[in-house]
Structures are given as C-alpha cells and as structure tokens.
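The numbering of the sequence shown is my numbering, which starts it at 129 and goes up by one. Glycine included, C-beta positions come from ideal geometry on N, C-alpha and C. Structure first, commentary second.
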Amino acid sequence: MHEQADIRDLSVAAWTKRCYFAGRALMDDRLRPFDLGSTQWYVLWHLVNNGPSVQRDLGRALELERATLSGIIATLVRKDLVAQTADGGDQRQRLLTLTAAGQALWRRIPDFSFIHNAAFGGIDEADLATTIRVLKSATERLQALLREE
Numbered sequence: 129m130h131e132q133a134d135i136r137d138l139s140v141a142a143w144t145k146r147c148y149f150a151g152r153a154l155m156d157d158r159l160r161p162f163d164l165g166s167t168q169w170y171v172l173w174h175l176v177n178n179g180p181s182v183q184r185d186l187g188r189a190l191e192l193e194r195a196t197l198s199g200i201i202a203t204l205v206r207k208d209l210v211a212q213t214a215d216g217g218d219q220r221q222r223l224l225t226l227t228a229a230g231q232a233l234w235r236r237i238p239d240f241s242f243i244h245n246a247a248f249g250g251i252d253e254a255d256l257a258t259t260i261r262v263l264k265s266a267t268e269r270l271q272a273l274l275r276e277e
C-alpha cells in the first residue's frame, strides 16, 4: 500500500498539475461572467489568433479529442459565437469561423496575462527557461512513447 506523500515531496508532475489547475481555476473564475469555460475560451483564442479553421485541424492544434471538441463547438455555435459551415474543398469537413457576436465577446474578455505574471513574475528567467526545457522534453518523450504503442 502506498503511503500518502508529504506535500513537500510531490513530484515535478504533481506540481505541474497543481499549477495548471490553479491557473485554470482562476481563468474559469474570470470567465464565468461571460458564460465561458477555459476550453471554450481556448477555441475562441485559436480562431481569433489564427483565423477560420477546419474543425479537424483545430482539434489537432489544440490537442482535443474529437468528441470533446464536437461538444465544445456545438455549445459555441448554439451561443452564436462560432459559425460552422461546410468546407468548400471537402463537404464532410466543417469550417469554423468567429461570428460577429463572438468577436464582440472576445473584445470584452479580460487579458489573462495576469495569470502568467502572478505565477511566474519575479522568477529568474534562467530558471523559467530550464523549467520550460525540462517540461518540453518530458512531454515529447511521453508523446513518443504513446506513438510507439
């Protein structure tokens, strides 16, 4: 039987997860008045910053499962924030674009850079660079292992 780990002894993965969830909880709190969740925000962010996207490509870019993305898109379409139309080249593919209502909402949503600043402000740039390098390498290793299976 495993003993409960002392919080001081949590692994890198556990602290990474805790940091992610703390940032996401803060983001969800700030998005609540806009009736959005953080994953819905992420879809809107991608469309704002990259323009219209085929749904399949968006799922790959955001690393979301097809069923998850379909539910999110259906909600955003129902809210009239995203339009979903047949792609001219392939009628089976759905092209996603931000609607006028989606653009108007996006302009009202706060800038979330304060979350990054709260979490990492004042931390030495070299430490941050090392952290990014280590987490990127670990992620790539795990993704490679997953592809092998």
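Query, Result
"Beta-carbon proximity check, Ala195 vs Leu209, cutoff 7 Å", "no"
"Rounded separation between Pro238 and Met155 - CA only", "10 Å"
"Inter-residue CB distance, Leu138 and Tyr170 (contact presumed, cutoff 8 Å)", "That pair is no contact at about 26 Å."
"As assigned by DSSP and simplified to three states, the class of Thr227", "coil"
"Spatial distance of Met129 from Val140 (CA atoms)", "At Met129 the pLDDT is 44, less than 50, meaning the model places this residue with poor confidence and gives no usable figure here."
"Beta-carbon proximity check, Gln231 vs Arg222, cutoff 7 Å", "no"
"Member of Thr167, Arg235 and Leu233 whose CA lies at the smallest distance from the CA of Ala112", "No statement about residue 112 is possible, as the shown extent of the chain runs from 129 to 277 and does not include it."
"Distance, Ala246 Cα to Val182 Cα", "34 Å"
"For Arg220, three-class secondary structure by DSSP", "coil"
"Option nearest Gly179 by Cα separation, candidates Arg160, Thr258 and Leu226", "Leu226"
"Of the residues Lys207, Leu186 and Leu256, the one placed nearest Leu197, counting alpha carbons only", "Leu186"
"8 Å contact criterion, which Leu172 and Trp234 should meet: CB distance rounded", "6 Å"
"Straight-line Cα distance separating Ile243 from Phe149", "12 Å"
"DSSP three-state assignment for Ser139, whether helix, strand or coil", "coil"
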